[in-house]
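The opening residue of the sequence shown carries number 166 in our numbering; numbering runs sequentially from there.
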Amino acid sequence: MLTGRTIVVTGAGQGIGCGIACAVAEAGGRVVATDLDLAAAEDTMRRVEELGGSGTVHAVDVTDHTAVSQVIDDTVKTVGQLDGWVNNAGVLRMGPALEDGSEAEDWAAQFDVNARAVLTCSRLAARQMVAQGSGGAIVNVASNAGKVGYPNMAVYNASKAAVISLTRSLAAEWAEHGINCNAVCPGGVDTPMLSQVAGWIGEREGVDPAELLPLMRPAQLGRHIQPIEVGRVVAFLLSESATIIRGQSINVDGGDTPY
Ligand SMILES: NC(=O)c1ccc[n+]([C@@H]2O[C@H](COP(=O)([O-])OP(=O)(O)OC[C@H]3O[C@@H](n4cnc5c(N)ncnc54)[C@H](O)[C@@H]3O)[C@@H](O)[C@H]2O)c1
Numbered sequence: 166m167l168t169g170r171t172i173v174v175t176g177a178g179q180g181i182g183c184g185i186a187c188a189v190a191e192a193g194g195r196v197v198a199t200d201l202d203l204a205a206a207e208d209t210m211r212r213v214e215e216l217g218g219s220g221t222v223h224a225v226d227v228t229d230h231t232a233v234s235q236v237i238d239d240t241v242k243t244v245g246q247l248d249g250w251v252n253n254a255g256v257l258r259m260g261p262a263l264e265d266g267s268e269a270e271d272w273a274a275q276f277d278v279n280a281r282a283v284l285t286c287s288r289l290a291a292r293q294m295v296a297q298g299s300g301g302a303i304v305n306v307a308s309n310a311g312k313v314g315y316p317n318m319a320v321y322n323a324s325k326a327a328v329i330s331l332t333r334s335l336a337a338e339w340a341e342h343g344i345n346c347n348a349v350c351p352g353g354v355d356t357p358m359l360s361q362v363a364g365w366i367g368e369r370e371g372v373d374p375a376e377l378l379p380l381m382r383p384a385q386l387g388r389h390i391q392p393i394e395v396g397r398v399v400a401f402l403l404s405e406s407a408t409i410i411r412g413q414s415i416n417v418d419g420g421d422t423p424y
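Here it is as structure tokens:
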């Protein structure tokens with residue numbers, strides 16, 4: 166499905182990003198695993214190699230355009246081409262909308278990584294794809310939070326709604342270059358970020374987070390989603406099989422979100 170294709174994954178050091186890297190390898194693609202945390206990206210690459218895959222690792226902060234440009238240049242120098250880009254890196258800061266908290270700082274931190282970097286990374290990747298003349302695919306990891314509007318994460322929800330909108334815009338604007346752009350909207354995926362949410366609610370409400378985590382399972386599925394399951398949908402969206410799907414934000418949340 167992705168044989169001979171080189172795919173960059175941001176935030177690949179753990180959680181969904183690691184699952185995406187593994188799914189790309191399963192599908193025969195070459196993985197460029199990037200993360201703030203180089204050691205974590207190296208761990209992911211070991212899992213990719215166990216699956217018979219290969220690739221490179223890079224320490225990249227998605228908000229650092231120089232570092233993002235560098236990874237694109239290095240990839241093109243190593244394998245000659247960039248075929249796909251996955252904007253997975255994301256951050257979540259919990260906070261009730263009624264409380265002042267550190268709103269300006271929280272807004273900047275979440276929108277910088279979750280939304281602005283999605284645009285700038287996509288732009289840098291797309292420029293390379295346009296220069297190559299062979300098109301490519303971009304997949305954004307949004308969230309069902311961008312549709313549902315979960316309590317105590319208004320800014321995060323808004324940043325993910327921005328990703329859903331950006332996905333539509335980029336698909337429309339770059340169609341003439343043969344570049345596709347879609348998003349997935351996960352929910353209830355078994356990752357450190359989900360534990361962070363349970364930890365925050367638990368501390369505020371005086372409940373053991375271990376009791377809360379099982380309640381955060383997608384109801385129809387009756388279990389948490391595993392990162393590789395999200396990864397396999399992303400791998401499909403990166404492939405030629407998804408050519409007729411454009412600008413969509415597809416729920417991968419076990420049926421929690423019906424729209
Ligand atoms: N876990 C869920 O249920 C869930 C649901 C919906 C959406 N998401 C989204 O999926 C994506 C991955 O989430 P996760 O649950 O795996 O999170 P996670 O916190 O477990 O992992 C996030 C990874 O991104 C990296 N990262 C953070 N900021 C970065 C930056 N500036 N530059 C590069 N890397 C950075 C971290 O180092 C980490 O490896 C995020 O965009 C998140 O918003 C997760």
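Each residue gets a CB set at the ideal place from its N, CA and C atoms; glycine is no exception.
query	result
Quick test of the definition: if touching needs 3 or more C-beta pairs under 8 angstroms, does the stretch 374 to 385 touch the stretch 173 to 181?	no
Can you give me the Cβ contacts of Gly194 inside the same chain, cut-off strictly under 6 angstroms, excluding the 5 residues immediately before and after it?	Leu167, Arg170 and Ile172
Please report how far the alpha carbon of Asp373 lies from the alpha carbon of Gln361, in whole angstroms.	13 angstroms
Is the separation between the beta-carbon of Cys187 and that of Val227 shorter than 9 angstroms?	no
Give me the residue from Gly364, Ser330 and Asp421 with the minimum Cα distance to Arg258.	Gly364
Can the beta-carbon of Gly396 be found closer than 9 angstroms to that of Ile181?	yes
List in chain order: all unbroken alpha helix (DSSP H) runs of 4+ residues lying wholly within the stretch 196 to 245.	203 to 215 and 230 to 244
Looking at the secondary structure, which residues open and close the alpha helix (DSSP H) in which Ser299 lies?	Note, Ser299: premise wrong, no alpha helix (DSSP H); not H, not E.
Taking Gly364 as part of the alpha helix (DSSP H), name the residues at either end of that continuous run.	Pro357 to Glu370
Do the stretch 394 to 412 and the stretch 327 to 344 make contact, defined as three or more Cβ pairs closer than 8 angstroms?	yes
With a threshold of 8 angstroms on Cβ separation, who are the neighbours of Ala224 within its own chain once the five nearest residues in sequence on each side are excluded?	Thr199, Asp200, Leu201, Asp202, Leu203, Ala206 and Ala232
Residue range of the alpha helix (DSSP H) that Ser324 falls in?	Ala319 to Glu338
Tell me the rounded alpha-carbon separation between Ala269 and Tyr321.	13 angstroms
Using 8 angstroms as the cut-off, can you tell me whether the stretch 273 to 280 makes contact with the stretch 238 to 248, which would need three or more C-beta pairs spanning the two stretches below that distance?	no
Under the DSSP definition of a beta bridge, which residues are partnered with Ser414?	Ala348
Of the residues Gly260, Val399 and Gly352, which one's Cα is nearest the Cα of Lys312?	Gly352
For ligand 1, any of its heavy atoms closer than 8 angstroms to the Cβ of Ala422?	It should be noted that the sequence gives Thr, not Ala, for residue 422. Thr422: no, Cβ never under 8 angstroms from ligand 1.
Let's see if you can read the secondary structure: which residues bound the alpha helix (DSSP H) around Gly180?	Gly180 to Glu191
Leaving out five residues before and five after Gly420 in sequence, what residues of the same chain have Cβ atoms less than 8 angstroms from its Cβ?	Pro383, Ala384, Gln385 and Leu386
Specify the secondary structure class of Thr285 as computed by DSSP and reduced to three states.	helix
Would the beta-carbon of Leu402 fall within 9 angstroms of that of Ala192?	no
The beta strand (DSSP E) that contains Val174, what's its start and end?	Thr171 to Val174
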